[in-house]
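Under my numbering, read the sequence shown as residues 5 to 138, first letter to last.
Yeah, the Cβ is synthetic: ideal placement off N, Cα and C, and Gly gets one too.
Before any comments, here is the structure.
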Amino acid sequence: MRPVGLAVVLFLSVSSTQAATLTIRAQGVQADRNMVYAGICDTSFDEATCPYKDRGQATAGTVELRIRNVKPGTYAIAVFHDVNGNGKLDRSFIGLPNEPYGFSNDVGRRGPPNFEAARILVKEPTTTVVIPIR
């Protein structure tokens, strides 16, 4: 194969690599302090099963997080506003969240979130998900 032909083959194989940009819009942020965190999870809401994570500065209203190079597929998303700035979702003594949170498809409002019900499809080139946090 001539060098030019090889370069074209290499370019085409690299450019066909699948990757999407996932935009998460966390709506309902109450305060302009600390951070909003997101976990993009593939098998459960356990942090160890979230191959993509992001965080952004909290601003009242909507915080937009943009995660690039996400492998297309199905994921469930968990978001929370770390109001006190300790880097984790604080919980009450019975395990209920003490800080604003939300899940994709707005699941988990009347009990523990159902991972399967929270699944969304991420596809190329971009996918946008709106998650209310309360």
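C-alpha distance - residue i paired with residue j, whole-angstrom precision
i: PHE15; j: ARG70; result: Because PHE15 carries a pLDDT of 45, less than 50, the predicted location of this residue cannot be relied on, and the following value inherits that uncertainty. Near 26 Å, if we compare the C-alpha coordinates of ARG70 and PHE15.
i: GLN61; j: VAL111; result: 24 Å
i: TYR56; j: ASN90; result: 20 Å
i: SER20; j: LEU26; result: Confidence at SER20 is low in this model, with a pLDDT of 49, below 50, so its placement is unreliable and no value can be given for it.
i: THR66; j: LYS92; result: 20 Å
i: THR47; j: GLU68; result: 24 Å
i: ALA23; j: GLU128; result: 6 Å
i: ARG59; j: GLY32; result: 16 Å
i: ASP86; j: LEU100; result: 15 Å
i: PHE84; j: ALA122; result: 15 Å
i: ILE28; j: ASN109; result: 12 Å
i: GLN34; j: GLY115; result: 22 Å
i: ALA42; j: PRO104; result: 12 Å
i: ASN38; j: ARG113; result: 24 Å
Option nearest residue i by Cα separation, candidates the options
i: PRO117; options: GLY106, ALA62, THR78; result: GLY106
i: ASN73; options: VAL126, ILE135, ILE137; result: VAL126
i: THR130; options: PHE97, ILE98, CYS54, LYS75; result: LYS75
i: ASP50; options: ALA30, GLY77, PHE119; result: PHE119
i: ILE124; options: ARG113, ALA42, ARG29, GLY77; result: GLY77
Residue i - partner residues in DSSP beta bridges
i: ASP110; result: In the DSSP output, where bridge partners are listed per residue, ASP110 has none listed.
i: ILE135; result: ALA30
i: LEU125; result: THR78
i: PRO116; result: According to DSSP, PRO116 bridges with nothing at all.
i: ALA101; result: The sequence given here has Pro at residue 101, not Ala. ARG95.
Integer Cβ distance of residue i from residue j, believed to fall under 8 Å
i: ASN102; j: ARG95; result: 6 Å
i: ILE81; j: VAL133; result: 6 Å
i: TYR79; j: ILE44; result: 5 Å
i: ASP36; j: THR63; result: 5 Å
i: ILE98; j: ALA30; result: Incorrect: roughly 25 Å between the Cβ atoms, too far for contact.
- Query: Which runs of the beta strand (DSSP E), 3 residues or longer, sit entirely within the stretch 20 to 93?
  - Reply: 24 to 33, 39 to 45, 56 to 61, 65 to 74, 77 to 86
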